[in-house]
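Numbering-wise, numbering that gives the first Met the number 0 puts 12 at position 13 of the sequence shown, and it's gapless, one number per residue.
Idealized CB from N, CA, C, for every residue including glycine.
Here is the structure we will look at.
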Amino acid sequence: MLHEFWHRPAWVTASFPVDVYEDKDVLVIRAELPGMVKDDIDISFEGDLITIKADKKVEKLEGITAYTCERYYGTLSRTLSLPFPVDTDKVSATFDNGLLEVRLPKAEEAKAKRISIK
0 MLHEFWHRPA WVTASFPVDV YEDKDVLVIR AELPGMVKDD IDISFEGDLI TIKADKKVEK
60 LEGITAYTCE RYYGTLSRTL SLPFPVDTDK VSATFDNGLL EVRLPKAEEA KAKRISIK
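Below, the structure written as structure tokens:
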């Protein structure tokens with residue numbers, strides 16, 4: 000049994016650290032999600048925003064007395080503004096050892112073009 004003082008309200012949503020950088024014509028987002036499994040992670044787009052959500056389930060431990068519980072359980076969420084239009088049909092994501100990597104290729108209209116003068 001865990002004293003109520005240590006419980007977080009259900010409405011509290013935590014965040015997680017990310018790195019965002021451009022590599023050639025691809026925006027790369029790397030997010031640390033330790034303890035997660037890929038089926039608990041959701042990636043969605045709306046306009047120029049990308050949202051990454053993960054839901055860590057509470058471990059059910061019967062018949063124990065917990066004195067300290069510092070690991071987070073619940074919903075983690077992060078919404079980022081994309082610096083340029085991306086080709087959402089070519090977005091790829093991998094998840095390995097707690098690290099999510101999302102690769103977002105630039106949309107053709109966002110790529111720099113050289114215009115020749117006639």
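> Which whole-angstrom value describes the C-beta separation of SER76 and SER14, a residue pair presumed to lie in contact below a C-beta threshold of 8 Å?
Replying inline: 7 Å
> With a CB to CB cut of under 6 Å and the five nearest residues on each side skipped, what residues in its chain are close to LYS117?
Replying inline: none
>> Please state whether the Cβ-Cβ distance between PRO104 and ASP88 is less than 7 Å.
In response: no
> With THR78 and LEU48 assumed to form a contact (beta carbons below 8 Å), what rounded beta-carbon distance in angstroms separates them?
Replying inline: Yes, they are in contact, since the Cβ atoms of THR78 and LEU48 sit about 6 Å apart, within 8 Å.
> Between LEU32, THR50, LYS23, which lies nearest to LEU81 when the distance is taken from Cα to Cα?
Replying inline: THR50
>> Between the alpha carbons of ALA30 and GLY97, how many angstroms are there, rounded?
In response: When rounded, the distance between both Cα atoms is 8 Å.
>> Only counting the same chain, and skipping five residues up and downstream in sequence, which positions put a Cβ closer than 8 Å to that of ALA106?
In response: PHE83, PRO84, VAL85, ASP86
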